[in-house]
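Trainee: My structure is below; once you've seen it, I'll send some questions.
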Amino acid sequence: MRLIRRLDGEVLEGAIVETEAYYGLRDPASRAFHGMKNYNRLMWREPGRAFVYNVHRYWMFNIVAHEPGEVGAVLIRALEPAKGVEIMLRNRPVEDLRELTSGPGKLTTALDIDKGLHGADVTTDRSEIFVVADDLDFEVGTSHRIGVRRDLEEELRFFVKGNRFVSR
DNA sequence: AGGAAGATCTACT
DNA sequence: GTAGATCTTCCTA
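First residue of the first sequence: 704, per my numbering; consecutive thereafter.
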């Protein structure tokens with residue numbers, strides 16, 4: 704899918720090329736693992752809302768996603784920049800374009816995503832941030848999740864094979 | 001009020 | 001490959 708961010712009348716856009724899935728209470732790497740807190744309660748709510756939270760000094764952008772009655776979210780880990788690259792570079796100056804949005808903290812910096820977007824409905828273009836379908840053809844690779852202390856056995860990281868903007 | 005943890009990133013070697 | 005920076009949130013007192 705493509706991720707679209709409206710910012711001061713401008714449009715920033717990129718193709719989502721890397722994601723990770725997080726479950727609920729049975730997933731030790733999930734923010735939901737220790738139970739419902741004020742900051743993570745959205746993971747129990749209906750899919751399609753932005754779930755934004757902080758790690759170190761960066762914001763992580765997730766979309767709530769799970770089966771009915773379940774708990775979970777998908778972390779957006781990397782984008783292939785498509786529109787508004789000039790503005791992204793202003794938000795996050797880098798020499799090599801591959802460094803612009805190839806990581807969860809990098810892309811939130813480039814797209815100026817922070818707590819203010821927490822709870823936004825990403826299924827409608829009336830939001831400041833939303834996704835639209837893309838019908839490109841590509842192969843999906845999988846691996847274990849990156850940077851987590853305790854992972855599950857199943858591979859829950861998904862990326863576009865061969866894409867230059869994948870984080871690693 | 002203070003400490004610890006964390007789904008990170010950068011700058012070094 | 002690894003150390004250190006640095007910010008939000010939660011937990012305990």
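Backbone N, C-alpha and C define an ideal beta-carbon position, used for all residues, glycine too.
Determine, using beta-carbon pairs with one atom in the stretch 782-791 and one in the stretch 728-744, whether at least three such pairs fall under 8 Å.
Mentor: no
Trainee: If we ignore side chains and look at the alpha-carbon of each, how far apart do Pro-731 and Trp-747 end up?
Mentor: Looking up residue 731 in the first sequence gives position 28. Looking up residue 747 in the first sequence gives position 44. Going by the C-alpha atoms only, they are around 16 Å apart.
Trainee: Quick one: is Arg-871 buried, meaning 16 or more other Cβ sit within 10 Å of its Cβ, or exposed?
Mentor: Position 168 of the first sequence, counted from the start, is the residue given in the question as residue 871. Sixteen is the threshold: since fewer than 16 other Cβ atoms of the shown chains lie within 10 Å of the Cβ of Arg-871, the residue is exposed.
Trainee: Quick check on Ile-849: does DSSP put it in helix, strand or coil?
Mentor: Here residue 849 refers to the residue found at position 146 of the first sequence. Coil, per DSSP.
Trainee: What separation, rounded to the nearest whole angstrom, lies between the Cα atoms of His-847 and Asp-854?
Mentor: Looking up residue 847 in the first sequence gives position 144. Looking up residue 854 in the first sequence gives position 151. Distance between the alpha carbons of His-847 and Asp-854 is about 7 Å.
Trainee: Put Arg-860 into one of helix, strand or coil per three-state DSSP.
Mentor: Stepping through the first sequence from its first residue, residue 860 is reached at position 157. In the structure shown, Arg-860 sits in a strand (DSSP, three-state: E or B).
Trainee: Assuming Val-777 and Ile-766 form a contact by the criterion Cβ under 8 Å, report the distance between their Cβ atoms to the nearest whole angstrom.
Mentor: Numbered from 1 along the first sequence, position 74 holds the residue referred to as residue 777. Numbered from 1 along the first sequence, position 63 holds the residue referred to as residue 766. Contact flag correct, Cβ pair sits at about 5 Å.
Trainee: Starting from the N-terminal side, write out each stretch of the alpha helix (DSSP H) that is 4 residues or longer and does not extend beyond the stretch 776-839.
Mentor: 788-794, 807-813
Trainee: Please state the DSSP three-state secondary structure of Arg-760.
Mentor: For the purposes of this step, residue 760 is taken as residue 57 along the first sequence, with counting starting at 1. Arg-760 falls in the coil class under three-state DSSP.
Trainee: If we ignore side chains and look at the alpha-carbon of each, how far apart do Arg-708 and Leu-728 end up?
Mentor: Along the first sequence, one-based indexing puts residue 708 at 5. Along the first sequence, one-based indexing puts residue 728 at 25. Their backbone Cα atoms lie some 31 Å apart in a straight line.
Trainee: Can you tell me whether Leu-855 is helix, strand or coil according to DSSP?
Mentor: Your numbering for residue 855 matches position 152 in the first sequence. Coil, per DSSP.
Trainee: Determine the extent of the beta strand (DSSP E) in which Gly-717 is found, giving its start and end residues.
Mentor: Within the first sequence, numbered from 1, the residue matching residue 717 stands at position 14. Run containing Gly-717: 713-725, per the beta strand (DSSP E) assignment.
Trainee: Give the straight-line distance between the Cα atoms of Gly-822 and Arg-852, rounded to the nearest whole angstrom.
Mentor: What you label residue 822 is simply residue 119 of the first sequence in a count that begins at 1. What you label residue 852 is simply residue 149 of the first sequence in a count that begins at 1. Computed Cα separation, rounded: 27 Å.
Trainee: Could you say which of Thr-804, Tyr-761, Pro-750, Gly-865 lies nearest to Leu-706 if we only look at CA atoms?
Mentor: As a first step, residue 706 is located in the first sequence; it is residue number 3 there, counting from the start. Among Thr-804, Tyr-761, Pro-750, Gly-865, the Cα nearest to that of Leu-706 is on Thr-804.
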